[in-house]
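Numbered according to numbering that gives the first Met the number 0, the sequence shown spans residues 0 to 161.
I have placed the structure first, in the form of structure tokens, so that the comments after it can refer back to it.
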Amino acid sequence: MIRIALTGGGTGGHMFPLVAVADALTALGKGEIALRYYGPSSEWNEAFAARDIPISHIAGAKLRRYASLQNLVDIIKFCFGLLEALVKLYFWMPDAVFSKGGPGALPVVLAAAWYRIPIVVHESDAVPGLTNRVSAALAKKVCISWRGAGAHFSERKVVFTG
Numbered sequence: 000m001i002r003i004a005l006t007g008g009g010t011g012g013h014m015f016p017l018v019a020v021a022d023a024l025t026a027l028g029k030g031e032i033a034l035r036y037y038g039p040s041s042e043w044n045e046a047f048a049a050r051d052i053p054i055s056h057i058a059g060a061k062l063r064r065y066a067s068l069q070n071l072v073d074i075i076k077f078c079f080g081l082l083e084a085l086v087k088l089y090f091w092m093p094d095a096v097f098s099k100g101g102p103g104a105l106p107v108v109l110a111a112a113w114y115r116i117p118i119v120v121h122e123s124d125a126v127p128g129l130t131n132r133v134s135a136a137l138a139k140k141v142c143i144s145w146r147g148a149g150a151h152f153s154e155r156k157v158v159f160t161g
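See below:
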């Protein structure tokens, strides 16, 4: 049985592609792939629950690049999320992590890197978000939907998936 952790979240732009990947992996795996979602609690989690994909909540923290008091709260949430991810990944120990980016994904990616779990990042925007730019440094592969997005990542890691 191959175990794959899915991570990402915050908006439908992160979650709908994760659900599509989950559906494709389930069809390809023919019962030999186990999936689990790691990410922030949100109304979007219902899509995984409807597919009998277990959900492990990880505290999500927005990485703002401007001055805000909320940054102080999110630093604490990020550290807590990282601890959660380290513990929760340890007890399930996936064979790979697929990250879509967004709040909650970076702690999971960092924990996966700590355990030397292979990471695949998917960027569907023309301009990558901060989480995916940081995650790409730790990833084995970075899948992109727009050729121009490849300029933001290491050429040897980029795979154009469309």
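Beta carbons: idealized from backbone N, C-alpha and C, even for Gly.
Mind checking who residue i pairs with in its DSSP beta bridge?
| i | result |
| --- | --- |
| residue 6 | 37, 98 |
| residue 163 | This structure leaves residue 163 out entirely; the chain is present only between 0 and 161. |
| residue 152 | Per DSSP, none; premise fails for residue 152. |
| residue 159 | 143 |
Apart from the five residues just before and just after residue i, which ones in its own chain have a Cβ nearer than 8 Å to its Cβ?
| i | result |
| --- | --- |
| residue 129 | 62, 64 |
| residue 92 | 2, 114, 116 |
| residue 73 | 60, 61, 62, 63 |
Using beta-carbon positions only, say whether residue i and residue j come within less than 8 Å of one another.
| i | j | result |
| --- | --- | --- |
| residue 121 | residue 97 | yes |
| residue 133 | residue 105 | yes |
| residue 6 | residue 103 | yes |
| residue 88 | residue 112 | no |
| residue 162 | residue 100 | Not covered by the structure: residue 162. The range shown for the chain is 0 to 161. |
| residue 119 | residue 150 | no |
| residue 0 | residue 21 | no |
| residue 59 | residue 30 | no |
Given a threshold of 16 other Cβ atoms within 10 Å of its Cβ, counted over all protein chains shown, does residue i qualify as buried or as exposed?
| i | result |
| --- | --- |
| residue 86 | exposed |
| residue 9 | buried |
| residue 148 | buried |
| residue 90 | exposed |
If I measure Cβ to Cβ from residue i and keep anything under 6 Å in the same chain, skipping five residues before and after, which residues do I get?
| i | result |
| --- | --- |
| residue 36 | 5, 47, 52, 54 |
| residue 84 | 57, 106, 107, 110 |
| residue 44 | 54 |
| residue 145 | 125 |
Among residues of its own chain, excluding the 5 on either side of residue i, which ones have a beta-carbon nearer than 7 Å to its beta-carbon?
| i | result |
| --- | --- |
| residue 81 | 106, 109, 110 |
| residue 16 | 99, 121, 123 |
Do residue i and the ligand FMN come close, with the Cβ less than 7 Å from some heavy atom?
| i | result |
| --- | --- |
| residue 26 | Annotation note on the ligand FMN: not contained in the displayed structure, which lists no ligands. |
**Asked** What are the uninterrupted segments assigned as alpha helix (DSSP H) that are 4 or more residues long and contained completely in the stretch 51 to 136, given in chain order?
**Response** 69 to 91, 104 to 113, 129 to 135
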